[in-house]
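Peer 1:
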Amino acid sequence: MTKLVQWPKVSRVCLFAVAFPLAQALAQTTTGVVQLNNAAERVAESIRGEALWNHLVDFQRIADENPGPKGHGNRDTGSPGYKASVDYVVRLMREAGYRVTIQQYLYRTVEIGEHPQFTAPGKNYVFGQDWFVARLSAGGTISAPLQAVSGSGSGGVPEEWQGFAPGRIALLRRGSRSYDVQVANAVEAGAAAVVLYNQPGEEGASEPPRSDNGGAFQARLTRPVTIPVIGMVSFAVGAELRRQCDAGHAPVVRLEIPAEQKSGVDYNVIAESPFGDANRIVVVEAHLDSIYGAGILDNASGSSTILEAALQMAKTPTRNRLRYIWFGGEELGLLGSRYYTANLSAGERQRIAFDVDVDVTATPNFDYLVADPAFAPNVKRFPLNVVPQSRIGNHFFADYFDTNGIPALAAWFGNEGTDSNSFSLIGIPNTGILTQQNCCKKQREVEIWGGVRGNYEGRIPSFDGGCVDFPGRWCDNLDNNDRAVFEVASRASAYAIFQLANHPFAR
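For the sequence shown, this note's numbering gives the first residue as 7, with consecutive numbering after it.
(1) What number of angstroms, rounded off, separates the C-alpha of Arg325 from the C-alpha of Phe469?
(2) Going by DSSP, name the residue or residues bridged to Cys445.
(3) Taking DSSP as the reference, what is the three-state secondary structure of Arg104?
(4) Count the other CB atoms, across all protein chains shown, that sit within 10 Å of the CB of Leu62; report buried if there are 16 or more and exposed otherwise.
(5) Counting only runs that start and end within the segment 356-439, where is the alpha helix (DSSP H) found for 4 or more residues in a row?
(6) Per DSSP, what kind of secondary structure is Asp186 in: helix, strand or coil?
(7) State buried or exposed for Ser1, treating a residue as buried only when at least 16 other CB atoms are found within 10 Å of its CB.
(8) In whole angstroms, what is the alpha-carbon distance linking Ala300 and Glu101?
(9) Whole angstroms is fine: what's the gap from Ala57's alpha carbon to Asn274's?
(10) Is there contact here, the segment 295-309 with the segment 250-270, by at least three beta-carbon pairs under 8 Å?
(11) Entirely within the segment 113-139 and at least 3 residues each: give me those beta strand (DSSP E) ranges in chain order.
(12) Mind checking Asp485: buried by the 16 CB within 10 Å criterion, or exposed?
(13) Could you check what DSSP says for Leu152 in three-state terms: helix, strand or coil?
(14) With three or more C-beta pairs closer than 8 Å as the rule, is the segment 360-371 touching the segment 285-293?
(15) Is Val271 near Leu112, with beta carbons less than 8 Å apart?
(16) Given Gln395, which residues of its chain have a CB within under 6 Å of its CB, disregarding the five upstream and five downstream residues?
(17) Going by the CB atoms, is the gap between Gln449 and Arg459 shorter than 8 Å?
(18) Could you spell out where the beta strand (DSSP E) holding Ser269 opens and where it closes?
(19) Give a yes or no on whether the C-beta atoms belonging to Asp186 and His293 are separated by under 8 Å.
(20) Just to confirm the assignment, what range does the beta strand (DSSP E) spanning His61 have?
(21) Are the segment 185-201 and the segment 158-170 touching, with three or more C-beta to C-beta distances below 8 Å?
(22) For the beta strand (DSSP E) that contains Ala199, what are its first and last residues?
(23) Do Ser430 and Phe403 come within 8 Å of each other at the CB atom, strictly closer than that value?
(24) Could you give the DSSP three-state label for Met99: helix, strand or coil?
(25) Check whether the segment 138-147 and the segment 303-316 touch, using three or more Cβ-Cβ pairs below 8 Å as the test.
(26) Could you give the first and the last residue of the continuous beta strand (DSSP E) run that contains Ala176?
(27) Residues bridged to Arg81 by DSSP?
(28) Taking the alpha-carbon of Phe235 as reference, which of Gly128, Arg180, Tyr345 has the nearest alpha-carbon?
(29) Let me check understanding here. Comparing Cα to Cα, which of Ala414, Pro323, Asn391 lies closest to Gln356?
(30) Whole-angstrom Cβ separation of Gln168 and Ala256, contact assumed at under 8 Å?
(31) Answer yes or no: do Ala69 and Gly79 have a C-beta to C-beta separation smaller than 8 Å?
(32) Can you tell me whether Val258 is helix, strand or coil according to DSSP?
(33) Tell me whether the beta-carbon of Ala176 lies closer than 8 Å to the beta-carbon of Val200.
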């Protein structure tokens with residue numbers, strides 16, 4: 007699951023965006039891409055919509071055959087549906103001739119129980135509408151005054167916590183720092199709990215499309231914390247609470263968060279090609295787990311994109327070794343990719359030349375976005391080689407989209423990114439693709455890609471947030487995906503994968 011937080015100028019990363027009507031883009035996907043006399047283009051043409059869609063049908067069937075506790079199809083981490091998804095990928099990759107291993111690791115997470123409560127004087131906020139519990143929040147029952155921090159109000163830097171009274175509940179605005187940083191600073195300052203509130207994005211040419219429009223949604227922490235975290239509260243609720251704090255009438259709020267620790271075994275699927283230089287490996291990865299059900303857009307679509315690319319390239323000799331990985335636990339905090347990268351030896355890490363991340367590739371009301379670590383909020387934590395060495399991957403995506411007259415823009419996905427962030431942190435350059443999710447598509451995006459303002463997926467047109475990251479909606483199913491967009495994004499991915507597989511990386 008991903009969130010867009012940067013909207014850089016196209017010239018910064020050599021990606022090309024031109025006005026291109028939606029109908030023309032979709033017509034092009036049915037008639038085929040421009041013919042060029044090179045192998046990369048032939049590999050891209052081998053990716054067909056019917057085969058891609060059949061994988062999605064299979065993942066939907068797997069989910070439906072393994073319903074969760076609420077009776078809906080399920081492929082979440084720790085579920086029988088996730089294990090069946092692993093078995094499906096393993097079978098197809100072994101049949102295609104890849105060397106397949108299953109990497110196991112232990113995971114720990116927090117499950118929120120029934121009927122959490124968030125109240126203020128005269129207010130009983132509606133769970134799932136006004137607010138959510140942040141993923142990996144601790145549980146507990148707390149009643150204490152709210153206190154807003156100084157400065158930006160996000161609590162992203164220690165200076166903003168001067169004067170904070172330990173034992174109070176911190177009211178924090180959504181900022182540019184990761185939720186983990188905000189909450190860690192709150193714990194250090196002695197906060198009893200945290201209430202995160204959203205900020206709506208501004209309409210305008212320089213403003214990135216946000217994954218929401220100031221509404222409530224579930225914020226994703228990437229590691230369990232020791233205090234309850236309410237997040238994300240809607241902007242309307244947060245702004246009113248902040249107004250009371252600023253007026254000197256900080257409300258006493260009560261939180262009741264039933265939570266249960268859960269642990270188990272999770273799985274990464276690793277499939278390696280027999281071709282190419284084993285000392286120059288290109289990793290191609292997607293997360294296989296879902297959240298809140300079948301997870302067909304997020305991320306059976308990305309999983310199917312790399313699966314079909316691998317099947318089509320199974321007998322293709324390449325200069326560099328291709329290693330395909332389907333990670334588990336992404337939705338719980340990049341667990342699979344964190345485990346994989348943390349357990350690479352120094353020698354193994356040196357042999358990985360590049361990483362390609364594929365996360366959501368079939369969005370109905372789509373954008374075409376290419377990941378660039380240069381714009382990650384935590385870019386200062388990356389080794390210095392990551393940003394300049396990642397440009398070649400962005401270039402290959404740009405080359406495909408520009409050649410075919412399809413607009414694409416660079417972006418970074420989420421405060422902590424998707425699984426590619428785990429590679430950035432250990433010095434491995436990377437790129438990736440996303441066609442967007444949730445809400446809210448803005449007018450600038452409509453002018454580039456067509457479509458309508460509001461949800462990228464789910465109920466269109468609507469501004470209700472979409473399907474993917476909302477518990478209780480259970481609507482990220484097969485009908486939440488677009489065949490034509492799926493084929494375009496998957497062909498672009500296959501093109502970039504082939505080019506990277508044959509790029510003369512320096513030793």
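Don't be surprised by glycine CBs; every beta carbon is placed ideally from N, CA and C. Every value quoted in this text rests on a predicted model; they were computed, and no experiment measured them.
Peer 2: According to the structure shown:
(1) 47 Å
(2) Asn461
(3) The sequence shown places Tyr at residue 104, rather than the Arg named in the question. Looking at Tyr104 - three-state DSSP - the assignment turns out to be coil, as it is neither helix nor strand.
(4) buried
(5) 392-409, 426-430
(6) helix
(7) The chain is shown only over 7 to 513; residue 1 falls outside these bounds and no answer can be derived.
(8) 25 Å
(9) 23 Å
(10) no
(11) 123-126
(12) exposed
(13) strand
(14) yes
(15) yes
(16) Pro435
(17) yes
(18) 265-278
(19) no
(20) First-last for His61: 55-71, but that is the alpha helix (DSSP H), not the beta strand (DSSP E).
(21) yes
(22) 199-203
(23) no
(24) helix
(25) no
(26) 175-179
(27) DSSP output for Arg81 lists no bridge partner at all.
(28) Note that residue 235 corresponds to Val in the displayed sequence, not to Phe. Selected option, being the one with the closest Cα: Arg180.
(29) Asn391
(30) At roughly 17 Å, the Cβ-Cβ gap does not stay under 8 Å, so Gln168 and Ala256 are not in contact.
(31) yes
(32) strand
(33) yes
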